[in-house]
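The letter at position 260 of the sequence shown is residue 287 when you use our numbering, and the numbering goes up by one with no holes.
All C-beta atoms, glycine included, are put in the ideal place defined by N, C-alpha and C.
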Amino acid sequence: MFYTVAHCSAAASPSPQASHVLAFFMGTRRWAGRVMLAAAVGTGLGGCAAAPSTPPSAAVSTAAPTRTFQSLVLPGEGGVALQALQRSERVPPLRYRVIVVPGSGCAGLGAFADRYFAGLLHAQVLVLHKPGVDPEARTAPADCPHGFVARDRHYTWLAHARTALRADALQRQGQPALPQLLVGISEGAELLPALAPEVHQLAGLVLIGSSGLDPQEAGALQARRLGAEGDWAALAQIVAGAPHDSVVVQGRSLGYWRDLWNWPLTMPLLRSPWPLLQVWGGDDTLVPAVAYTRFAELAALRTAPYCARRIEGADHGLQRPGADGVQQLWAWTEQWARHPGGGLCGPVNR
Numbered sequence: 028m029f030y031t032v033a034h035c036s037a038a039a040s041p042s043p044q045a046s047h048v049l050a051f052f053m054g055t056r057r058w059a060g061r062v063m064l065a066a067a068v069g070t071g072l073g074g075c076a077a078a079p080s081t082p083p084s085a086a087v088s089t090a091a092p093t094r095t096f097q098s099l100v101l102p103g104e105g106g107v108a109l110q111a112l113q114r115s116e117r118v119p120p121l122r123y124r125v126i127v128v129p130g131s132g133c134a135g136l137g138a139f140a141d142r143y144f145a146g147l148l149h150a151q152v153l154v155l156h157k158p159g160v161d162p163e164a165r166t167a168p169a170d171c172p173h174g175f176v177a178r179d180r181h182y183t184w185l186a187h188a189r190t191a192l193r194a195d196a197l198q199r200q201g202q203p204a205l206p207q208l209l210v211g212i213s214e215g216a217e218l219l220p221a222l223a224p225e226v227h228q229l230a231g232l233v234l235i236g237s238s239g240l241d242p243q244e245a246g247a248l249q250a251r252r253l254g255a256e257g258d259w260a261a262l263a264q265i266v267a268g269a270p271h272d273s274v275v276v277q278g279r280s281l282g283y284w285r286d287l288w289n290w291p292l293t294m295p296l297l298r299s300p301w302p303l304l305q306v307w308g309g310d311d312t313l314v315p316a317v318a319y320t321r322f323a324e325l326a327a328l329r330t331a332p333y334c335a336r337r338i339e340g341a342d343h344g345l346q347r348p349g350a351d352g353v354q355q356l357w358a359w360t361e362q363w364a365r366h367p368g369g370g371l372c373g374p375v376n377r
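Now the structure itself:
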């Protein structure tokens with residue numbers, strides 16, 4: 028849910044209040060993968076981060092699966108075209124469908140999607156991308172176009188994603204009904220409650236590397252963790268001030284920050300009627316453990332099923348030496364799909 032001072036465009040100049048301490052902030056908002064934090068300075072791997080040269084799941088795979096994802100164009104709001112990726116089940120029979128909302132950035136998932144989603148054996152997979160993101164792009168943080176920075180904000184992305192999912196549902200009319208999971212990776216998880224009503228046969232929400240707290244609250248907790256409360260407070264003052272939404276601060280437009288500062292996530296998740304599965308790394312340096320535990324305490328009161336699994340030793344992208352927590356997550360969803368009567372949380376709670 029957090030952010031960085033790594034600028035997405037050479038045309039975007041930092042504000043006088045920009046601080047390298049805030050480099051942790053966008054780091055948690057990327058799609059997935061290896062993320063590191065260098066002391067208080069941090070490495071800006073989120074926001075407009077490039078995909079890693081080695082996909083996370085390659086750590087446990089000696090050979091990449093044959094490429095099966097195909098490019099797909101879905102309509103966004105106002106005729107904007109969204110680039111997506113789609114894949115059929117790898118192994119029959121087809122049991123369920125997974126819709127993925129990645130985290131922030133202007134790099135696509137195309138180069139490593141087959142390996143990242145390899146464990147989804149009996150699932151169709153649809154991966155959305157933000158407007159202006161090419162699925163094959165591996166753009167470095169400093170090279171994201173200024174136009175991407177100007178357009179990138181939560182309410183805009185939500186409107187496009189909602190329109191795309193409605194179009195997807197129309198295209199699927201007449202096909203066999205399948206249970207569907209809506210998966211949010213880091214920042215992408217913040218859209219799930221608002222997108223859920225657009226997903227037919229929704230069987231549950233899955234959060235990867237997302238605390239479940241409102242972004243502003245989770246950001247404040249991470250700032251406190253790193254002793255950067257002053258920098259967070261300075262950013263809050265700019266957000267509340269008079270500059271136009273188009274002004275770029277800390278690598279983001281003020282429109283982005285203002286959306287995020289008022290973005291509800293906790294209550295929509297607590298009130299949602301769908302099962303909720305949350306998976307996070309025990310060594311996540313980009314989301315403080317207190318944020319995960321605070322949400323878990325609140326979510327224990329949900330009327331719908333809730334389960335959380337902390338993967339010990341794993342980072343924000345669920346990676347740890349010699350093991351891939353993402354593939355473990357997919358193994359749980361596969362177990363659920365084979366025996367859905369036990370509920371989405373059944374395999375996780377065993």
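Check for me: the alpha helix (DSSP H) holding residue i runs from which residue to which?
i	result
R337	R337 -> not in any alpha helix (DSSP H); beta strand (DSSP E) instead, spanning Y333 to I338.
A341	No alpha helix (DSSP H) holds A341; DSSP gives it neither H nor E.
L248	P242 to R252
A191	H181 to Q198
R124	That residue, R124, is in no alpha helix (DSSP H); its beta strand (DSSP E) goes Y123 to V128.
F175	H173 to R178
A204	That residue, A204, is in no alpha helix (DSSP H); it is neither H nor E in DSSP.
E361	G352 to R365
R117	From DSSP, R117 is part of no alpha helix (DSSP H); its letter is neither H nor E.
W284	L281 to W288
R142	A140 to Y143
T166	Here T166 belongs to no alpha helix (DSSP H), and DSSP marks it neither H nor E.
Using C-beta distances below 8 Å, list every residue in its chain close to residue i, excluding the 5 sequence neighbours before and after it, in chain order.
i	result
P281	Here residue 281 turns out to be Leu, not Pro, going by the sequence shown. Result list for L281: I265, V266, P270, H271, D272, S273, V274 and V275, in chain order.
V87	Reliability of the predicted coordinates at V87 is poor, the pLDDT of 38 falling under 50, and the value obtained from them is presented with this limitation in mind. Excluding residues within five positions, the ones whose Cβ falls inside 8 Å are G349, A350, D351 and Q354.
Return the chain-ordered list of same chain residues with a C-beta closer than 6 Å to the C-beta of residue i, the five sequence neighbours on each side being excluded.
i	result
R378	Lying before the first or after the last residue shown, residue 378 is absent from the chain, which here runs from 28 to 377.
A186	E104
R122	H149 and A364
T360	none
L371	G231, P302, L304 and W363
P206	Y123, Q228 and A230
Q97	Q113
T320	none
Which residues in the same chain as residue i place their Cβ atom closer than 7 Å to its Cβ, once the five residues preceding and following it in sequence are excluded?
i	result
G12	Absent from the structure is residue 12, since the part of the chain shown begins at 28 and ends at 377.
P300	A331
G174	G159
G340	G309, D310 and R347
May I ask which residues mark the beginning and end of the beta strand (DSSP E) holding residue i?
i	result
V154	A150 to L155
A328	Here the sequence assigns Leu to residue 328, which means Ala is not the residue at that position. Unbroken run through L328: none, as it is neither H nor E.
Q97	Q97 to P102
W307	L303 to G308
A267	Element bounds for A267: not the beta strand (DSSP E) but the alpha helix (DSSP H), E256 to A267.
G211	Q207 to I212
V107	From DSSP, V107 is part of no beta strand (DSSP E); its letter is neither H nor E.
G231	L229 to I235
So residue i and residue j are supposed to be a Cβ contact under 8 Å. How far apart are they, rounded?
i	j	result
G231	P302	4 Å
G309	I338	6 Å
V160	R114	Not a contact, Cβ separation roughly 18 Å.
L356	G236	In fact, because the Cβ distance is near 11 Å, the residues do not count as touching under 8 Å.
G130	I212	5 Å
L209	A223	6 Å
A111	V154	6 Å
E225	R180	Their Cβ separation, rounded to whole angstroms, is 19 Å, which puts E225 and R180 out of contact at 8 Å.
Q249	P315	5 Å
Taking the C-alpha atoms as reference points, what is the distance between residue i and residue j?
i	j	result
L192	D286	21 Å
Q198	E256	48 Å
E163	G137	5 Å
A145	Q354	8 Å
T95	Y143	12 Å
V118	A364	13 Å
H156	G215	10 Å
Q362	L148	11 Å
L229	R178	29 Å
D241	A247	10 Å
A108	L99	10 Å
R347	L313	15 Å
R298	A221	12 Å
R252	C334	25 Å
V128	L218	8 Å
A283	D258	Sequence inspection shows Tyr at residue 283; the Ala mentioned does not correspond to that position. For Y283 and D258, the distance between alpha carbons rounds to 17 Å.
A204	P102	22 Å
D342	D351	10 Å
T183	A245	22 Å
N289	A260	15 Å
Q200	A194	10 Å
A318	H366	32 Å
V233	V125	10 Å
R279	L328	35 Å
F139	Q202	28 Å
G379	L262	Residue 379 lies beyond the residue range present for the chain, which begins at 28 and ends at 377; the question has no answer from this structure.
E324	A358	26 Å
M28	D141	Confidence at M28 is low in this model, with a pLDDT of 45, below 50, so the placement of that residue should be treated as unreliable; the coordinate-derived value is given next. Going by the C-alpha atoms only, they are around 25 Å apart.
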